[in-house]
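K.L.:
Encoded as structure tokens, here's the structure I'll be asking about.
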Amino acid sequence: MRNGGLPQPGAAGENAATTTDLKRRNGAERENWWDLRIGSQPDGPPATPHAGTAQPAASPDAGGNPSRAIRVGPDPLCSHIWQAQALARAHQLRADWAAYVVGAPAGVGEEFARLLATVELLCSRRPGPRRAFSGAAVEQTWSALHAAELILVARLPERAVAGMLPWVADQLRRHVPRRGVQRSSIRALLRAPTSARTGGETGAGTPPQAPSRPSVSPERQQVLLALRSAHSASDAAHVRVRSFSRLVVVAGVAGFLAVLFLCAFAAWQPAALPLCTVEPFVCPTAGPDRRFDVTVAALLGAAGAVLSAAAALRHIDGTSTPYAVPAALAALKIPLGALTAVLGLLVLRSEPGGIDLGLSSPGALLAWAVALGVSQELFTHLVDLRGRALLDAVAPKAASTPPATAPA
Numbered sequence: 011m012r013n014g015g016l017p018q019p020g021a022a023g024e025n026a027a028t029t030t031d032l033k034r035r036n037g038a039e040r041e042n043w044w045d046l047r048i049g050s051q052p053d054g055p056p057a058t059p060h061a062g063t064a065q066p067a068a069s070p071d072a073g074g075n076p077s078r079a080i081r082v083g084p085d086p087l088c089s090h091i092w093q094a095q096a097l098a099r100a101h102q103l104r105a106d107w108a109a110y111v112v113g114a115p116a117g118v119g120e121e122f123a124r125l126l127a128t129v130e131l132l133c134s135r136r137p138g139p140r141r142a143f144s145g146a147a148v149e150q151t152w153s154a155l156h157a158a159e160l161i162l163v164a165r166l167p168e169r170a171v172a173g174m175l176p177w178v179a180d181q182l183r184r185h186v187p188r189r190g191v192q193r194s195s196i197r198a199l200l201r202a203p204t205s206a207r208t209g210g211e212t213g214a215g216t217p218p219q220a221p222s223r224p225s226v227s228p229e230r231q232q233v234l235l236a237l238r239s240a241h242s243a244s245d246a247a248h249v250r251v252r253s254f255s256r257l258v259v260v261a262g263v264a265g266f267l268a269v270l271f272l273c274a275f276a277a278w279q280p281a282a283l284p285l286c287t288v289e290p291f292v293c294p295t296a297g298p299d300r301r302f303d304v305t306v307a308a309l310l311g312a313a314g315a316v317l318s319a320a321a322a323l324r325h326i327d328g329t330s331t332p333y334a335v336p337a338a339l340a341a342l343k344i345p346l347g348a349l350t351a352v353l354g355l356l357v358l359r360s361e362p363g364g365i366d367l368g369l370s371s372p373g374a375l376l377a378w379a380v381a382l383g384v385s386q387e388l389f390t391h392l393v394d395l396r397g398r399a400l401l402d403a404v405a406p407k408a409a410s411t412p413p414a415t416a417p418a
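When you line the sequence shown up against our numbering, it's residues 11 to 418, in that order.
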């Protein structure tokens, strides 16, 4: 064994102290990573930092004052994809503010920082069952990001706003109807000369010093109104998707409870739900005990529904929304397949219209149960089409990240 692998004399105390110090610092970073410090530095001499400790990065605060600082720490481990996307978006907005906004009023900067701090707090916590089902955390996060984005655009230099016009036009194309007034106004700005869009600014690089209360140009006002329209349309589309997803989940849970009730009731009163044919006398379980006839038929119907759901996956491209609509639609087929099998066998055992359906053996009854489970696709296909239409109307929110706002 090499000497490097052995503890050196007198190093045990130093190693223990180092380990304790690292644990203390890491714990403080985990607790305060989202703690956005806005305000003047505390009076008195600063505390002497430990060697290797991550210190707050001196950067322009919300009002452009470099004497204020933002506490820097590691990002949390997000529990959902939408949290990771929103957190990255918040970091980008804060970086754009620090790079391009100069001389903003303190109240505006504090509101911008408060919105981003709200986003980071929501992204650092796992939503509870109630908030996850309602979607309140998702909508609050993206509403705060949209509001922060509008504040940022209102303070950007004119040349940076002009550089955002193609992205704004793309957002309008995704969310606003073709004949919308905002789309025509943005198209007119894109066709205008560059000097008209930038308000006569020349040069590139660091944006010029802006007054504390600059006048809002008509072009900037059109961009702000266009972004508000796009955000409102996108939020409304996501609300429709969330409502549809909740409805599908509730319907699936209700169907599952109905299947459990039928199976339990049939086991308690087998004669109330007879699945056996009369002539010849044939039962699904091929035995004298008829308590589990409904259970067997429901299981085979659910198996047929699983096959139907697997075949329907070829039409599903997935979704970038926080709501798992394709998965909910696939899960809805399973209890409906079980219900269709049980109720269908109740109808077929009477041979409607005098048609011989070949129900002369237990195997034939079980085969019909599977076929009836697959046949639920006739009903759920319409629900699938509705869900697909709603998803097609929703552009991904994560894809609405603006390009770099550097002046052209």
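For each residue, glycine too, the CB sits at the ideal point set by N, CA and C.
Return the first residue and the last residue of the alpha helix (DSSP H) that C273 is part of.
P.N.:
Per DSSP, C273 belongs to the alpha helix (DSSP H) from P228 to W278.
K.L.:
By alpha-carbon positions, which one of G117, D303 and A127 ends up nearest to A96?
P.N.:
If we check each option's Cα against that of A96, A127 comes out closest.
K.L.:
Quick one: Cα of V259 to Cα of V251, how far?
P.N.:
Each residue's alpha carbon lies about 12 Å from the other.
K.L.:
Which class does V148 belong to by DSSP, given the choice of helix, strand or coil?
P.N.:
Three-state DSSP puts V148 in a helix.
K.L.:
May I ask you to list the residues that DSSP assigns as paired with V292?
P.N.:
Paired residues: T287.
K.L.:
What span of residues does the alpha helix (DSSP H) with D299 cover, start to end?
P.N.:
From DSSP, D299 is part of no alpha helix (DSSP H); its letter is neither H nor E.
K.L.:
With T128 as the anchor, note down where its alpha helix (DSSP H) starts and where it stops.
P.N.:
Its alpha helix (DSSP H) spans residues A116 to C133.
K.L.:
State the DSSP-derived secondary structure class of R398, mapped to helix, strand or coil.
P.N.:
The answer is helix: DSSP assigns R398 an H, G or I state.
K.L.:
What separation, rounded to the nearest whole angstrom, lies between the Cα atoms of A154 and L125?
P.N.:
Whole-angstrom Cα-Cα distance: 5 Å.
K.L.:
Give me the Cβ distance between L272 and V306, rounded to the nearest whole Å; I'm assuming they're in contact under 8 Å.
P.N.:
12 Å between Cβ atoms; not a contact.
K.L.:
In angstroms with no decimal places, state the Cα-to-Cα distance between S370 and A379.
P.N.:
Distance between the alpha carbons of S370 and A379: 14 Å.
K.L.:
Check for me: the alpha helix (DSSP H) holding R183 runs from which residue to which?
P.N.:
Note, R183: alpha helix (DSSP H), L175 to H185.
K.L.:
Pick helix, strand or coil for Q386, following the three-state DSSP scheme.
P.N.:
Looking at Q386 - three-state DSSP - the assignment turns out to be coil, as it is neither helix nor strand.
K.L.:
Can you check which of these residues, V352, L346 and R398, is closest to F389 by C-alpha distance?
P.N.:
When each option's Cα is compared against that of F389, the closest is L346.
K.L.:
Given a cut-off of 8 Å, decide if V111 and M174 are closer than it, judged by their beta-carbon atoms.
P.N.:
It is not a contact, given that the beta carbons lie outside the stated cut-off.
K.L.:
Quick check on DSSP: helix, strand or coil for L346?
P.N.:
It is helical.
K.L.:
Determine the extent of the alpha helix (DSSP H) in which L87 is found, giving its start and end residues.
P.N.:
From DSSP, L87 is part of no alpha helix (DSSP H); its letter is neither H nor E.
K.L.:
Cutting at 6 Å between CB atoms, please list the residues of its own chain near S77, excluding the five before and the five after it.
P.N.:
Note that S77 has pLDDT 34, beneath the 50 cutoff, so the model's placement of it is unreliable and the number below is only indicative. Same-chain partners within the cutoff: there are none.
K.L.:
For G354, count the other beta carbons within 10 Å of its own beta carbon; 16 or more makes it buried, fewer makes it exposed. Which is it?
P.N.:
Per the 10 Å Cβ criterion, buried.
K.L.:
If H241 sits next to V404, beta carbons under 8 Å apart, how far is it from one beta carbon to the other, in whole angstroms?
P.N.:
Their Cβ separation, rounded to whole angstroms, is 13 Å, which puts H241 and V404 out of contact at 8 Å.
K.L.:
If we call anything under 8 Å between Cβ atoms a contact, is S255 one with A142?
P.N.:
It is not a contact, given that the beta carbons lie outside the stated cut-off.
K.L.:
Give the straight-line distance between the Cα atoms of S360 and T287, rounded to the nearest whole angstrom.
P.N.:
Their backbone Cα atoms lie some 7 Å apart in a straight line.
K.L.:
Using the beta-carbon count (16 or more within 10 Å), is V335 buried or exposed?
P.N.:
Answer is buried; the Cβ neighbour count reaches 16.
K.L.:
Does I91 pass the burial test, meaning 16 or more other C-beta atoms within 10 Å, or should it be called exposed?
P.N.:
Exposed, by the Cβ-count rule.
K.L.:
Taking the alpha-carbon positions, what's the A281 to L356 distance?
P.N.:
When rounded, the distance between both Cα atoms is 12 Å.
K.L.:
Roughly how many angstroms lie between the CA atoms of E121 and R201, to the nearest whole one?
P.N.:
About 34 Å.
K.L.:
When the Cα atoms are used, what is the spatial distance from P187 to A179?
P.N.:
Taking the straight line from one Cα to the other gives about 12 Å.
K.L.:
Give the straight-line distance between the Cα atoms of Y333 and V129, rounded to the nearest whole angstrom.
P.N.:
Y333 and V129: Cα-Cα distance of roughly 19 Å.
K.L.:
Around the Cβ of G138, are there at least 16 other Cβ atoms within 10 angstroms (buried) or fewer (exposed)?
P.N.:
Answer is exposed; the Cβ neighbour count stays below 16.
K.L.:
Below 8 Å on the Cβ atoms is my guess for A341 versus L382; work out the distance and round it to an integer in Å.
P.N.:
Contact flag wrong, Cβ pair sits at about 19 Å.
K.L.:
Quick one: what does DSSP say S370 is sitting in, helix, strand or coil?
P.N.:
Three-state result, S370: coil.
K.L.:
As a quick exercise: from R184, L132 and W107, pick the residue whose alpha carbon is nearest that of D402.
P.N.:
Out of R184, L132 and W107, R184 has the C-alpha closest to the C-alpha of D402.
K.L.:
According to DSSP, is V352 helix, strand or coil?
P.N.:
Helix, per DSSP.
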